[in-house]
Amino acid sequence: MRITFVGSGAIGSLFGGLLKKGGSDVLLIGRQDHVRSIKRNGLTISGIEKFTINIDASTNPLDAEDSDLIVITTKAYDTKKALLDVVPILTNNIKVMSLQNGVGNIEEISKYVEDHNVLGSVTSMGALLEAPGKVQFRGKGTTFVGELSKEGKYAKKISNIFNNAGIKTQFTNDIFCEIWSKAIINSAINPIASIFDNKNGILLDENLLKIVREVTNEGRTILQKDGINIPNDIFEKTLEVINNTSNNINSTLSDLRNGNKTEIDYISGKIVEVGHKLGLPTSYNKTLFDMIKYKENILLKS
């Protein structure tokens, strides 16, 4: 099976490197400087695991034409562009999977791909693109894979391939539950830590944990009303992620520090959107969303 990662930054390169090390046929589609470095020196993974591996890399999405599985790992706001880049090579034999932050990516993919070929996945693995060709493996976690059609046969196959490469993966027949649960977790961690410009561990402060609890409770209440099955222990799951990533800078803060657009519209923004649709208050999520948008707009204007 040939697996191509489109938008190979930190997560795409980490997964691709681990899969290649595990024996899979992998192609990374990424930015020119990243691809150039990989072609010259190989892909270097540091941190939890340390290795350098030779791996196919290209800047041209059309080089994914021989793939069995295309994994989209771009920012959520670039999903449409990533799909348009590969549409010319898509056939009924190619599966497309989202491995991204935020909500709405699977829905965007399904506009261009038949439902039986669409998969979704979420991960709590942590990675940082240190430099072109160099990725820090900063946190182990669980990856969930499911199918839009809920049939499950192909998703189970992908889960086995990932597990064989040392990527702890579980099949789910309710991928939307996992996607929204991660969005709630991120809605409580990313904005607050970003507002204080600090690592995730700052949220272990008893005062900030009270806010984290309220944000997760608010998100769960809203999504449950919309028919999404969010686990009762979503706050405890959030606390577990905070503990496991206490020394990490979350993706929202990383984007702000680098002067880039964040994915907050696809995290807190989506929860606010659902709340508005249902006529339910989103006081915590809307406040945090507005504060991050303020910081984002200031940076993008400068």
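To convert, count from 1 in the sequence shown and add 110; that's the working numbering. For glycine and all other residues, C-beta sits at the position ideal for the given N, C-alpha and C. Computed from a prediction, not measured in an experiment: that's the story for all the values here.
So, using beta-carbon positions, are residue i and residue j closer together than 8 Å?
| i | j | result |
| --- | --- | --- |
| A192 | G117 | yes |
| T300 | I377 | The amino acid occupying residue 300 in the given sequence is Asn; Thr does not appear at that position. Closer than 8 Å, so yes. |
| L137 | T154 | no |
| R323 | F306 | no |
| V255 | L229 | yes |
| S168 | V197 | no |
| K347 | I285 | no |
| S297 | L258 | no |
| L366 | E406 | yes |
| K292 | V232 | yes |
| E275 | G140 | At residue 275 the sequence reads Ala, which differs from the Glu that was named. Against a cut-off of 8 Å, the Cβ pair of G140 and A275 comes out as no contact. |
| G311 | F281 | no |
| F413 | E159 | For residue 413 there is no data in the structure shown, the boundaries of the chain being 111 and 412. |
| D188 | K205 | no |
| D400 | P242 | no |
Is DSSP giving residue i helix, strand or coil here?
| i | result |
| --- | --- |
| V382 | helix |
| V205 | Residue identity check: residue 205 is Lys in the sequence provided, not Val. K205 falls in the strand class under three-state DSSP. |
| L153 | strand |
| G126 | helix |
| L318 | helix |
| L194 | helix |
| T372 | coil |
| T392 | coil |
| T355 | coil |
| S364 | helix |
Where DSSP assigns a beta bridge to residue i, which residues make up the other side?
| i | result |
| --- | --- |
| V229 | Residue 229 is actually Leu in this sequence, not Val. Paired residues: M207, E257. |
| Q280 | F254 |
| A167 | L138 |
| F247 | G157, A237 |
| I181 | Sequence check: residue 181 is Val here, not Ile. BP columns for V181 point to F115, M207. |
| T162 | T154 |
What does the alpha-carbon distance come out to for the pair residue i and residue j?
| i | j | result |
| --- | --- | --- |
| K185 | A120 | 11 Å |
| D173 | L129 | 19 Å |
| K396 | V382 | 6 Å |
| I180 | E373 | 22 Å |
| G157 | K250 | 11 Å |
| N342 | G212 | 20 Å |
| I148 | I338 | 41 Å |
| T331 | K309 | 27 Å |
| L267 | K335 | Looking at the sequence shown, residue 267 is not Leu but Lys. Going by the C-alpha atoms only, they are around 33 Å apart. |
| L319 | L313 | 6 Å |
| S208 | N215 | 7 Å |
| S393 | L333 | 15 Å |
| Y404 | N368 | 16 Å |
| N357 | T253 | 20 Å |
Does the Cβ of residue i lie closer than 7 Å to at least one heavy atom of the ligand NAP?
| i | result |
| --- | --- |
| K244 | Looking for the ligand NAP in the displayed structure turns up nothing, as the structure carries no ligands at all. |
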